[in-house]
Structures are given as C-alpha cells and as structure tokens.
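Accompanying notes for the structure given below.
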Amino acid sequence: MAILLVLYFVFLIIYIAFNVYGIFRIWSMRINGDQTIRIIILYLFSIGIIIFISLIAIGTLNWSSNFSFLGIGGTR
Amino acid sequence: MRDSRFPVPGHEDEKIIIFTRRHIISMLGPILMVLAMVLVPILIVAMIYSANQDAFSGIVLNFLVIGGSIYYLVVVTFAFIEWISYYYDIFIVTEDEIIDISQEGIFDRRITEVTLLRVQDVSAHVRGFWATLFSYGDVVAESAGENTKTYIIDSIPNPIAVAEKILALHNEHIARQASAADVATGEGELRAIKPCPSTQSQSEFQQAVQKDLQSAQGSLPQASASAPVCPPCPPANQPAVPPPSQPAIQGEIKNNDLNQGGEVKF
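Residue numbers (our numbering), protein chains in the order written: chain A, 1 to 76; chain B, 1001 to 1266.
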C-alpha cells in the first residue's frame, strides 16, 4: 500500500507546482481594483483544508497491508 | 512584478467608457456543476455506508481517502479555473477602441481589438426567457473594410444600452476625425500664405497660427471665425499694397504637403 502513498505525494508535488505557476500567470493578468487576491486566498485555504484533512486521515489508516485482494501478491 | 494594471498593455492612458463582464447568471451552470461535484460523491458514500457499514473498512478506506483527496483537489481547481474564466473575460470600450478579452481557463487568453472607426454595424440580441428576465444578451459588432469580421460579445448585461453607446461613440469618433482633418486643412491654408514683413513679423504670425490651431482642436467653427489673416506679401522691391491689377494667390492646397507649407496650383 505504500506505493499508493508515494503516488499520492507525487500527485501533490505536481499539483502544487501547477498551482504555483497558475497563480503566477493570474497575478500577471491582474487589473486595477480586482478581487483576485481574495479568491486566491480562498482557493489556497480550500486546498490547505483538503490536504490537512487528508493527511490526518492518512495518519490514522494502516498502510502496511498490500494488494493481495487484487491478486497482485502477498497477504494482508 | 506589477500588482495591477489596465487589462491590455499599451492602453493604460485611454479613458474607459464601458467595462463589463458576462452577466453573473451565465455562471449559474458552472456553479451548479461544482455543487453537484462536491455533494454527489458525499451522498453516494453516505448511501453505501448506510446500507452496509462494513463497506468502507480495511484497504477500501485507504483508497477512499486517497481518491477522495485527489478528487476534491481537482474539484477546487476546476471551480477556481471557472471563476478565472468568468472574471477575466472582459469587454471594454474606450474612446477609440473596442477591446474584447476572452479568457478560457488560466492558459488561454485572447485579446481582440477593433477601432471604433472600423465598426460598421452594432446589434444587440436578447434571446430567451432568462435573458429577458435578467436583461442580458449578446452584442454583435461588424467591422468595415475588405476583411469584414464579426465580433460577438456574449451574455453581457444591458446589451441594448451597450450597443447604442458603441454607436454613439463611433459617431463621435468620426466627428473628431473630421474635425482633425479640417484643422489640418486649415493649417495648410495658413502656411500657404506667407506673412507680410512690412505689416507683421514672421514670429508673431507663427505664434498667431499656433494659437489658432490649439483653439481649433477644441472647436473648429470658433477657430475659423478667429483665424488670423495675413495679406498676401508683395515682392521685396515693391510697395506693401499691391496694385489692383495683380491677382491674388488662389488654388488647391494638398493636405499631404502641409510640411512644405502647402502646394498651390494655378
């Protein structure tokens, strides 16, 4: 099951890189008196909440088992 | 990095007459979709859990946590991109141009500019019950010339008022251009007549011309009424007042020869 965690963290790294670049692009498009900064803060806050809850849930689960139920090999 | 600026580089000094986005009601579809994307999986999981409380135990729960986390991160990003597509999809009318900024996601941005002089026809379309109720619709502008193009600005509020305003600005722009052309013609006429040294020095005459041109930019008829008139110059070895038999300078003045003081054809 550890591979699932590895894939998840790889996804998180790519996701964060994508968002950093996207926010950089949006920042360069900003116009006078816009609401972009509030929306970006709200967006980052939402992402933070989801990742935080996910990490807490991941910490409570057992990741030492394997994929035996899929027939890949090993025992649970 | 600059914090904020005019949406289109190179137009910072232009006066904005109309600045609008799509009507907020056009965001109803994406808002409902995001709500469904958030709520439907929760409802499905709740229904399965209520039917079988052992359904999410063991490794299934691990998959559910990882999958749910990735899913909701994607949903949040989707909502953010939809908002960006709405918020930066802008329609601007300045004193000189129509600027349509079309934003599709974060990485697709198209800016279309057309001068008000090239606008030939502007129409407004309000179609359907909801569009009539919330007073939004499309504005269609067609450009003149060989390469006729049609510009469609979707779902903006008060499209009829916007179309009328664009036409009014178009007419004002044409009037300004005609006024500027008249001023240029007047400048050519004034330069074609050289000042008479015996009655008025050349520098005084040039100052009078400059003053007249400045006032003419504001109001052409007023400038024409107060335009300084210098009598035709006599030859240096002759008296200031020409004999009655000598013809005055007349003829056509070409506008494109203004820098040479105008060309006079007999």
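Note that beta-carbon positions come from the ideal geometry of N, C-alpha and C, so glycine has one too.
Every value quoted in this text rests on a predicted model; they were computed, and no experiment measured them.
Check	Outcome
Option nearest S28 of chain A by Cα separation, candidates B:V1065, B:P1041, B:F1107	B:F1107
Any C-beta of chain B under 8 Å from that of G48 of chain A	no
Proximity of D1112 of chain B and Y1151 of chain B at Cβ, strictly below 8 Å	Note that residue 1112 of chain B corresponds to Thr in the displayed sequence, not to Asp. Cβ atoms of T1112 of chain B and Y1151 of chain B: closer than 8 Å.
Which residues DSSP lists as bridging H1125 of chain B, in chain order	B:D1138
Where S54 of chain A sits in the DSSP three-state scheme	helix
Per-residue DSSP class, three states only, for D1054 of chain B	coil
Exposed unless 16 or more other CB atoms sit within 10 angstroms - verdict on N1052 of chain B	exposed
V1008 of chain B (DSSP reduced to helix, strand or coil)	coil
Members of the region 1051-1063 of chain B that neighbour chain A once the beta carbon cut-off is set at 7 Å	I1059, L1061, N1062
Validate contact between the region 1035-1046 of chain B and the region 1110-1129 of chain B using beta carbons, cut 8 Å, 3 pairs	no
Close Cβ partners of I1016 of chain B (< 7 Å) along its chain, the five nearest in sequence each way excluded	I1092, T1094
Partner residues on chain A for Y1072 of chain B, Cβ-Cβ distance less than 8 Å	I50
Alpha carbon of S1057 of chain B to alpha carbon of V1065 of chain B, nearest angstrom	11 Å
The ligand HEM heavy atom lying under 7 Å from the CB of S65 of chain A	Of the ligands one can find in the structure shown there are none, so the ligand HEM has no counterpart to examine.
Pair within 8 Å by beta-carbon distance, L1073 of chain B and I50 of chain A	yes
Burial state of D1100 of chain B, where buried means 16 or more other Cβ atoms lie within 10 Å	buried
Cutoff 7 Å; reference A2 of chain A; Cβ partners in own chain excluding five residues on either side	W63
Per-residue burial, L1116 of chain B [other beta carbons within 10 Å of its own, 16 or more giving buried]	buried
Any C-beta of chain A under 8 Å from that of I1106 of chain B	yes
Beta-carbon spacing of I1025 of chain B, W1130 of chain B below 8 Å	yes
Residue burial classification, V20 of chain A (beta-carbon count within 10 angstroms, cutoff 16)	exposed
Same chain, Cβ closer than 7 Å to G1145 of chain B, five either side skipped, listed in chain order	R1118
Exposed unless 16 or more other CB atoms sit within 10 angstroms - verdict on Y43 of chain A	buried
Where S64 of chain A sits in the DSSP three-state scheme	coil
Short Cβ contact (8 Å threshold) for V1076 of chain B with I47 of chain A	yes
Those runs of the beta strand (DSSP E) which lie wholly inside the region 1012-1086 of chain B and span at least 3 residues	1016-1021
Residues, ordered as in the chain, of the region 1018-1044 of chain B that lie near chain A by beta-carbon distance below 8 Å	none
Neighbour-count burial assignment, E1012 of chain B, 16 or more Cβ in a 10 Å radius	exposed
Interface partners of F11 of chain A on chain B, CB under 7 Å	I1070
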